[in-house]
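Numbering (the numbering used here), first residue to last: 1 to 328.
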C-alpha cells in the first residue's frame with residue numbers, strides 16, 4: 001500500500017475533523033525557535049550570489065548558457081517532483097532501475113538533501129501536516145514554511161514523530177543507499193562542477209559566468225520553486241477537494257514547480273501519481289512519468305477514479321468555487 005492511503009474509509013464527521021484540526025494546528029507558543037546562524041550566513045551568501053548570477057544571466061552570459069541553466073532547473077526539478085516526491089516518498093508509481101538512476105542524478109543536481117532524508121521528512125509532513133511535528137508547519141507563517149524552517153533547529157516534535165514514520169521501503173532501494181552514502185561528492189559534482197564546466201568546455205563560456213548562472217542562480221531559483229509548495233500552496237488558492245485543510249490549488253506554484261501546485265488534491269489523494277485530475281495541464285512532471293510509462297520504465301501508476309473524486313468533492317470540498325478550467 002502506498003504511504004498515506006487510509007486503510008479505512010474516511011469519516012464523514014466534519015465537525016470532529018474541524019475540531020481536531022484546530023487543536024493540532026496551533027503552534028506551541030512556549031517553544032522558542034533556535035536559529036542556526038551558520039545556515040543564515042550560507043543562505044545570505046547564496047541569495048547575494050544568485051542576484052549577481054541574475055545580472056550575468058541578462059548582461060554577460062551566452063544564450064546557450066542561459067538555456068542550459070533553464071534545462072538544469074527542469075532536470076533538477078524532476079529529481080524532486082518525479083523522484084523524491086512522487087516515486088520514493090509516496091510510492092505513487094514504480095520505476096525500473098534506469099529511471100531510478102536518472103532521477104537520482106537529477107536529485108543530486110537539485111541539492112535538497114538526499115532522497116532518503118527528503119522522503120522521510122515529506123512523509124512526516126503529510127502525517128502531521130500543520131502541527132509542530134510538521135517540518136515546515138505553515139501555521140507558523142509564510143516565511144517559516146517557505147525557508148525559515150531551514151534556518152533554525154527542528155522542533156523536538158519533528159524529531160520525535162519522525163522516528164515513528166516507516167521508511168524501510170525507501171532504504172530497501174540500493175540506489176537510494178548509494179546516493180546517501182556518497183551524497184556530498186555526488187552533490188558537488190552534479191550541482192556545481194558539471195554545470196560550471198560543461199558550458200566552458202562545449203561553447204567557450206567563462207567559468208565565472210557558468211558558475212554563477214548555471215550553478216548558483218539555477219540552484220537558488222529551484223529552491224524557491226520547491227519552497228513555494230510548502231508556503232504559498234498551503235495558504236492561497238482554492239480547496240475543491242477538502243475545504244477543511246490548508247493545502248490549496250495554486251496555479252502559479254504549479255507552473256513554477258512543474259506540476260506540484262495542485263496541493264489540495266495532493267493532500268486529499270496523496271497516492272495519485274499525477275497529483276491532479278487535470279492530466280498534463282501545468283503538470284510537466286506527469287507528462288514525464290507518462291512518457292517513461294510508454295517505454296516501460298515507469299509502471300503501476302496509481303490513480304483515483306472519477307467517481308471517488310466526485311464523491312469526495314461533494315462531501316468535503318468547496319464545490320461552488322470556479323477554477324481555471326470551469327467549476328470543480
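Ideal Cβ positions, reconstructed from N, Cα and C, are used throughout, including at glycine.
Member of the options whose CA lies at the smallest distance from the CA of residue i
| i | options | result |
| --- | --- | --- |
| residue 117 | 93, 168, 151 | 168 |
| residue 99 | 304, 293, 307 | 293 |
| residue 190 | 311, 73, 52, 93 | 73 |
| residue 307 | 315, 300, 301 | 315 |
| residue 138 | 227, 82, 282, 176 | 227 |
| residue 103 | 90, 121, 49, 81 | 81 |
| residue 87 | 122, 54, 59, 53 | 122 |
| residue 91 | 57, 171, 197, 59 | 171 |
| residue 101 | 51, 232, 186 | 186 |
| residue 246 | 125, 43, 97, 68 | 125 |
| residue 132 | 44, 197, 59, 154 | 154 |
| residue 303 | 277, 89, 287, 163 | 277 |
| residue 147 | 52, 112, 286 | 112 |
| residue 89 | 143, 165, 286 | 165 |
| residue 163 | 127, 173, 79, 105 | 127 |
| residue 230 | 301, 184, 142, 188 | 142 |
Euclidean distance between Cα positions of residue i and residue j
| i | j | result |
| --- | --- | --- |
| residue 62 | residue 119 | 36 Å |
| residue 150 | residue 39 | 7 Å |
| residue 242 | residue 265 | 8 Å |
| residue 22 | residue 260 | Because the pLDDT at residue 22 is just 47, under 50, the model does not fix this residue reliably, and the value given afterwards should be weighed accordingly. Each residue's alpha carbon lies about 26 Å from the other. |
| residue 95 | residue 32 | 42 Å |
| residue 180 | residue 219 | 20 Å |
| residue 134 | residue 159 | 10 Å |
| residue 296 | residue 93 | 12 Å |
| residue 178 | residue 310 | 42 Å |
| residue 254 | residue 156 | 32 Å |
| residue 182 | residue 175 | 11 Å |
| residue 70 | residue 272 | 28 Å |
| residue 252 | residue 145 | 17 Å |
| residue 281 | residue 298 | 20 Å |
| residue 192 | residue 262 | 31 Å |
| residue 290 | residue 77 | 16 Å |
| residue 7 | residue 59 | With a pLDDT of only 41 at residue 7, under the threshold of 50, the placement of this residue in the model should not be trusted, and no figure is reported. |
| residue 42 | residue 109 | 18 Å |
| residue 13 | residue 129 | For residue 13, the predicted structure reports a pLDDT of 44, less than 50, and the residue's modelled location is therefore unreliable. The matter cannot be settled from this model. |
| residue 288 | residue 244 | 31 Å |
| residue 267 | residue 301 | 18 Å |
Same chain, Cβ closer than 7 Å to residue i, five either side skipped, listed in chain order
| i | result |
| --- | --- |
| residue 84 | 107, 115, 118, 119 |
| residue 35 | 151, 152 |
| residue 65 | 199, 205, 209, 210, 213, 214 |
| residue 256 | 225, 228 |
| residue 44 | none |
| residue 51 | none |
DSSP beta-bridge partners of residue i
| i | result |
| --- | --- |
| residue 262 | 249 |
| residue 94 | 299 |
| residue 152 | 35 |
| residue 140 | Answer is none; residue 140 lacks a bridge partner. |
| residue 238 | 249 |
Own chain residues within Cβ distance below 6 Å of residue i, not counting five before or after
| i | result |
| --- | --- |
| residue 46 | 220 |
| residue 284 | 258, 259 |
| residue 232 | 250, 253 |
| residue 195 | 72, 214, 215 |
| residue 49 | 216 |
Residue i beta carbon near the ligand GTP (any heavy atom closer than 7 Å)
| i | result |
| --- | --- |
| residue 98 | Questions concerning the ligand GTP fall outside what the structure shown contains, since it holds no ligand whatsoever. |
Residues near residue i by beta carbon distance below 8 Å, same chain, minus five either side
| i | result |
| --- | --- |
| residue 207 | 196, 197, 200 |
| residue 286 | 259, 273, 274, 275, 276, 279, 280 |
| residue 68 | 195, 198, 199, 214 |
Short CB-CB distance (under 8 Å) between residue i and chain C
| i | result |
| --- | --- |
| residue 264 | Included in the structure is just one protein chain, with no chain C present. |
Tell me whether the region 228 to 238 and the region 197 to 204 touch, counting them as touching only if at least three CB pairs, one residue from each stretch, are closer than 8 Å.
no
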